[in-house]
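Throughout the sequence shown, residue numbering follows the numbering used here, covering 229 to 628 in sequence.
Even for Gly, the Cβ is constructed at its ideal location relative to N, Cα and C.
Report on the following structure.
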Amino acid sequence: MKRTVEREKPTVYAGCPGPIRALVLIACILMGGAALADTKQVPLGDWGGRPTVDLMIGAVGPYRFILDTGADISVLDVSIARELGLESTGETEIGSPLGGTVPARQMRLERVRLDTLPLGAFDVLEIELLKVLGAGDVPVGVLSSSVFKGRSATFDFAAKQLTISDQLLPEANGSDVFDFCAQTGKPSITVHVASKPNCVNLDTGSPGLLALPLSVVDSLALESAPTVVGQARLVGAKVDILGARLDGDVRIGSMVLPKPRLTFHDAPNGNLGQRFLVNVALTLDHANRRIRIAPQTQSGERVALGPGQVRRVVGPPPGQKRYGMRLLGGLEGELSIAGVEPGSFAEAGGLRAGDTIIKINGVAVDELGVQQRVTALRSSPLKLEVRRNGEVIPLELSLG
């Protein structure tokens with residue numbers, strides 16, 4: 229991404245009168261800092277199914293960051309830290325709940341801006357992020373949603389829009405507004421898996437639907453024993469991801485997911501990932517430790533009212549031009565096919581549930597990063613090699 233150096237511009241304090249006399253300006257700043265208008269809307273980008281935003285750091289940018297609700301702290305690639313001439317303020321380690329740690333240096337970002345919205349200064353960890361995300365046009369940082377503390381942040385994935393507001397959330401009602409259930413700073417919510425409560429993080433950085441700790445497997449009624457469905461690439465490690473379909477429903481407030489396919493990992497908490505979150509408008513209020521989840525129509529899948537006013541995840545909207553394949557466990561690790569939609573282009577091309585894609589357009593899946601996989605799987609014609617019952621089978625799919 230091309231970056232520019234801007235001339236420093238006078239700061240405009242939204243909500244303060246203008247033109248404004250110096251005395252009034254000082255009073256305005258003292259009352260609210262860099263005062264924020266009631267709402268600010270900025271575009272949400274997409275990288276491999278993860279939301280992204282563009283940040284200016286001082287007068288330099290824009291820099292693309294993954295906006296990750298599952299991140300405790302923001303991180304920055306070493307190349308950008310050097311480009312900005314940042315100095316270390318301390319040494320630490322960064323890791324994942326699933327295992328693996330790497331050394332990291334703590335640094336301070338100053339005068340950070342999201343569009344015209346000043347975010348001020350906050351700490352980041354410097355790591356070799358591009359080694360994790362892969363080569364090419366990839367984000368150079370991960371922005372923790374905790375930087376919006378004191379404001380609410382609403383993710384509208386259908387409109388590809390992020391809204392930052394001074395208006396915080398009302399008290400929890402158990403239907404669409406919830407208190408954080410975990411003691412950490414991460415947004416978290418209690419979901420009922422076959423009537424059993426589980427505290428899970430809301431994680432825009434996770435591509436899956438609902439992942440749960442391995443420790444709960446024996447307490448759940450599953451249609452079959454969990455099997456390895458892929459690998460998660462983490463900071464400093466790779467771990468196996470297991471999957472199985474639940475013989476029951478998952479309830480999230482007033483929403484229900486009937487017999488979803490779950491994944492399992494070796495971590496103390498589960499997470500609701502992007503395959504769920506793209507179906508809702510998600511509002512985070514870190515100051516009050518509250519979440520609002522508002523079901524809405526989305527591309528790919530839609531959420532609609534079902535019997536008894538229970539919101540239920542239903543099938544894809546008609547007329548959308550796509551292959552109609554469902555991947556098990558997202559776009560990381562093995563690309564295993566969970567199913568194909570009846571009458572879809574994927575079914576017409578011979579793709580079946582249980583297939584594992586090993587090559588896309590002649591390139592081995594292991595050689596492709598997440599964004600490269602997304603781009604390749606949208607191509608038409610689409611040439612695949614799949615492993616089925618121990619055999620390698622070539623397939624050719626087309627969107628028309």
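Here's the rule: buried if 16 or more other CB atoms are within 10 angstroms of the residue's CB, otherwise exposed. What is L627?
Within the sequence shown, residue 627 is the residue found at index 399, counting from 1. Counting Cβ neighbours within 10 Å, L627 comes out exposed, since fewer than 16 surround it.
Three-state secondary structure assigned by DSSP to E315:
Translated into the one-based positions of the sequence shown, residue 315 becomes position 87. Coil, per DSSP.
Hey, out of P570, I392 and L314, whose CA is closest to L342's CA?
On the sequence shown, position 114 is the one that residue 342 refers to. Ranking the options by Cα distance to L342, first place goes to I392.
Whole-angstrom distance between G498 and Q600, CA atom to CA atom:
For the purposes of this step, residue 600 is identified with residue 372 of the sequence shown, where counting begins at 1. For the purposes of this step, residue 498 is identified with residue 270 of the sequence shown, where counting begins at 1. Each residue's Cα considered, the two are about 27 Å apart.
Could you give the DSSP three-state label for N321: helix, strand or coil?
Translated into positions along the sequence shown, residue 321 becomes position 93. The residue you asked about is not Asn; residue 321 is Glu in the sequence shown. Note: E321 maps to strand in three-state DSSP.
Give, in chain order, every unbroken run of the beta strand (DSSP E) that is at least 3 residues long and sits entirely within the region 554-590.
563-568 and 584-588
Straight-line gap, L371 to G590 (C-alpha atoms, nearest Å):
Counting from 1 along the sequence shown, the entry for residue 371 is found at position 143. Counting from 1 along the sequence shown, the entry for residue 590 is found at position 362. Roughly 35 Å separates the two Cα atoms.
Alpha carbon to alpha carbon, how far is T455 from A592?
As a working mapping, residue 455 is identified with position 227 in the sequence shown. As a working mapping, residue 592 is identified with position 364 in the sequence shown. Between T455 and A592, the C-alpha separation is close to 23 Å.
Alpha carbon to alpha carbon, how far is R339 from V506? Give it in angstroms, no decimals.
Sequence index remark: in the sequence shown, residue 506 carries index 278 (1-based). Sequence index remark: in the sequence shown, residue 339 carries index 111 (1-based). Between V506 and R339, the C-alpha separation is close to 31 Å.
Taking the CB atoms as reference points, tell me whether L357 and V303 lie closer together than 9 Å.
Residue numbering aside, residue 357 sits at position 129 when the sequence shown is read from its first letter. Residue numbering aside, residue 303 sits at position 75 when the sequence shown is read from its first letter. Against a cut-off of 9 Å, the Cβ pair of V303 and L357 comes out as a contact.
Please state whether DSSP places S447 in a helix, a strand or coil.
In the sequence shown, residue 447 corresponds to position 219, counting from 1. DSSP places S447 in helix when its eight states are reduced to three.
With R503 as the anchor, note down where its alpha helix (DSSP H) starts and where it stops.
By 1-based counting over the sequence shown, the position of residue 503 is 275. Segment Q502 to L505, the alpha helix (DSSP H) holding R503.
Using the C-alpha atoms, what's the distance from V457 back to N617?
The residue given as residue 617 occupies position 389 in the sequence shown. The residue given as residue 457 occupies position 229 in the sequence shown. N617 and V457: Cα-Cα distance of roughly 15 Å.
So, at 7 Å on beta carbons, what are the nonlocal neighbours of L605 in its own chain, with the 5 sequence-adjacent residues on each side left out?
Working through the sequence shown from its first residue, we reach residue 605 at position 377. If we look at L605 and ignore the five residues flanking it on each side, its Cβ neighbours are I588.
Span of the beta strand (DSSP E) around K268:
If you number the sequence shown from 1, residue 268 lands on position 40. Note, K268: beta strand (DSSP E), T267 to P271.
DSSP beta-bridge partners of K611:
On the sequence shown, position 383 is the one that residue 611 refers to. DSSP output for K611 lists E624 as bridge partner(s).
If you run the structure through DSSP and keep just helix, strand and coil, what is I285?
Within the sequence shown, the letter at position 57 stands for residue 285. In this structure, I285 counts as strand in the three-state DSSP scheme.
Using the beta-carbon count (16 or more within 10 Å), is K388 buried or exposed?
As a working mapping, residue 388 is identified with position 160 in the sequence shown. Looking at its Cβ environment, which holds fewer than 16 other Cβ atoms inside 10 Å, K388 is exposed.
Are at least three pairs of beta-carbons, each pair with one atom in the region 413-420 and one in the region 276-295, less than 8 Å apart?
no
Using three-state DSSP, classify G260 as helix, strand or coil.
Within the sequence shown, the letter at position 32 stands for residue 260. Confidence is the limiting factor: at G260 the pLDDT is only 39, short of 50, which leaves the residue's position unreliable and the question unanswerable from this model.
Rounded to the nearest angstrom, what separates A309 and E354 at their Cα positions?
Along the sequence shown, one-based indexing puts residue 309 at 81. Along the sequence shown, one-based indexing puts residue 354 at 126. Looking at the two C-alpha atoms, the distance is approximately 7 Å.
Have a look at G277, S452 and T267 and flag the residue whose alpha-carbon is nearest the alpha-carbon of Q502.
Translated into positions along the sequence shown, residue 502 becomes position 274. Selected option, being the one with the closest Cα: G277.
When the Cα atoms are used, what is the spatial distance from F350 to Y551?
Along the sequence shown, read from residue 1 onward, the residue named residue 350 stands at position 122. Along the sequence shown, read from residue 1 onward, the residue named residue 551 stands at position 323. Rounded to the nearest angstrom, the two C-alpha atoms are 42 Å apart.
Along the chain, where does the beta strand (DSSP E) containing K424 start, and where does it finish?
The residue you call residue 424 lines up with position 196 of the sequence shown. Counting along the chain, the beta strand (DSSP E) containing K424 begins and ends at K424 to L430.
Could you spell out the range, first to last residue, of the beta strand (DSSP E) harbouring L189?
In the structure as shown, the chain begins at 229 and stops at 628. Residue 189 is therefore absent and cannot be evaluated.
Note down, in chain order, each residue of its chain lying with its Cβ closer than 6 Å to the Cβ of P486, except the 5 sequence neighbours on either side.
Here the question's residue 486 lines up with position 258 in the sequence shown. D477, listed in sequence order.
If distances are taken between C-alpha atoms only, which option among T584, P496 and L337 comes closest to T317?
For the purposes of this step, residue 317 is identified with residue 89 of the sequence shown, where counting begins at 1. Among T584, P496 and L337, the Cα nearest to that of T317 belongs to L337.
Residues bridged to T491 by DSSP?
Here residue 491 corresponds to residue number 263 of the sequence shown, with the count starting at 1. BP columns for T491 point to A439 and G471.
Whole angstroms are fine: how far does the CA of L563 sit from the CA of L596?
Counted from its first residue, the sequence shown places residue 596 at position 368. Counted from its first residue, the sequence shown places residue 563 at position 335. Using only the alpha carbons, I get a separation of about 11 Å.
Taking the alpha carbon of A581 as the point to measure from, which residue in M553, S607, T603 and S608 has its own alpha carbon closest?
Looking up residue 581 in the sequence shown gives position 353. Per the Cα distances, M553.
Is the CB-CB distance between A566 and L579 below 9 Å?
As a working mapping, residue 566 is identified with position 338 in the sequence shown. As a working mapping, residue 579 is identified with position 351 in the sequence shown. Not a contact, by the Cβ cut-off of 9 Å.
H630 bridges to which residues according to DSSP?
Only positions 229 to 628 of the chain appear in the structure, and residue 630 is not among them; the question remains open.
Exposure label - G378; buried when at least 16 CB within 10 Å
Position 150 of the sequence shown, counted from the start, is the residue given in the question as residue 378. When all chains shown are included, G378 counts as exposed.
Out of curiosity, what's the CA-to-CA distance linking A495 and S447?
Numbered from its first residue, the sequence shown carries residue 495 at position 267. Numbered from its first residue, the sequence shown carries residue 447 at position 219. Answer to the nearest angstrom: the Cα atoms are 16 Å apart.
G471: buried (16+ other C-beta within 10 angstroms of its C-beta) or exposed?
Along the sequence shown, one-based indexing puts residue 471 at 243. So G471 counts as buried.
L512 and L438 closer than 9 Å at C-beta
Your numbering for residue 512 matches position 284 in the sequence shown. Your numbering for residue 438 matches position 210 in the sequence shown. No, Cβ-Cβ distance for L512 and L438 is not below 9 Å.
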